[in-house]
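Peer 1: So that we are looking at the same thing, I have put the structure below in structure tokens.
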Amino acid sequence: FCRNSLTKQQWAHTPDLYQGDAAVTSRGPHNYGPARRVAEKPFIIVYGTQGGSSSSSLLLQFAVYIANQFFATSDTLVPILEDDRISEKEYESNNLIIIGGPKENSKAGLFLTFLSNLTVDFEKSELSLGIGCDYRAPQTGILTLAPHGSQGLALLLMGLSTSGLEDVVKLATPTIPPMARSPFSNLLPDFVITGPETGLKGPGGFLNKNDTDNLQSIISN
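Each step along the sequence shown adds one to the number in the working numbering, with nothing skipped, and position 205 is 185.
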């Protein structure tokens, strides 16, 4: 459920997020969430280069930040590749962390096709999830798992603005130093929408937070 953006008082039902071929989207031990499971097999960070040099430079910084977090907390060396330079073999044989939406990252659009009830207009800075679950604050970020082939996972990090994307990237940050946890492992589910108050309130500032069942249907919290 989410707060109905039309009435501001009632709650709206969040529809099933994941759609598509059941052979791809059906869940099993190989593609269960939560978010941290993207790192339970070899994975690559793929950052977008389609938004111009300034955007590419920023997304690379985010990629390096996440890779450094994995190295610092779990001695994991993570390859970082540009979206237009990852080989077919690398793409198909690894889990992926995708940084940037379709406007910035050429690999993001494919995974969004599995999330047909999630409508994102990056030009207008609008995001909707079903009827009434609308988000228009520029500082809105999206973290979501998506199926990658029949045996893998992709973790998508996107934002309606740079600040929104930065908020979801910061979800990789250990929350209780010096007892550092591996990135994205501190109570993060399969799907999170961050908002303008996430930086201040932490999880209390999430606009939507969900897990999914074996059929990739939303279980709302």
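C-beta: ideal position from N, C-alpha, C; glycine also. From a predicted model like this one, the values you see are computed outputs, not experimental measurements.
Apply the 10 Å Cβ neighbour rule to Ala47 and answer buried if 16 or more other Cβ atoms are within range, or exposed otherwise.
Peer 2: Ala47 is buried by the Cβ-count criterion.
Peer 1: Can you tell me whether Pro118 is buried or exposed? The criterion is at least 16 other CB atoms within 10 Å of its CB, across all chains shown.
Peer 2: Per the 10 Å Cβ criterion, exposed.
Peer 1: If you draw a straight line from the C-alpha of Gly132 to the C-alpha of Lys181, how long is it?
Peer 2: Their backbone Cα atoms lie some 32 Å apart in a straight line.
Peer 1: Give the DSSP bridge partners of Asp170, in chain order.
Peer 2: DSSP lists no partner for Asp170.
Peer 1: Let me know the secondary structure DSSP gives Ile66 once reduced to three states.
Peer 2: It is coil, neither helix nor strand.
Peer 1: Please look up how many angstroms separate the CB atoms of Ala15 and Asp147, rounded, as I've assumed it's under 8 Å.
Peer 2: Their Cβ separation, rounded to whole angstroms, is 14 Å, which puts Ala15 and Asp147 out of contact at 8 Å.
Peer 1: Candidates Leu125, Pro163, Ala19, Pro176: which alpha carbon is nearest Leu140's?
Peer 2: When only C-alpha atoms are compared, the closest one is Pro176.
Peer 1: Looking at the strands, I want to know which residues DSSP matches up with Val58.
Peer 2: Beta-bridge pairing links Val58 to no other residue.
Peer 1: Looking only at DSSP bridge pairs, what is Leu125 linked to?
Peer 2: According to DSSP, which records beta bridges pairwise, Leu125 is partnered with Leu135.
Peer 1: Please go through the same chain and pick out, in chain order, the residues whose beta-carbon is closer than 8 Å to the beta-carbon of Pro183, but skip the five residues on each side of it.
Peer 2: Here the set comprises Leu167, Lys189.
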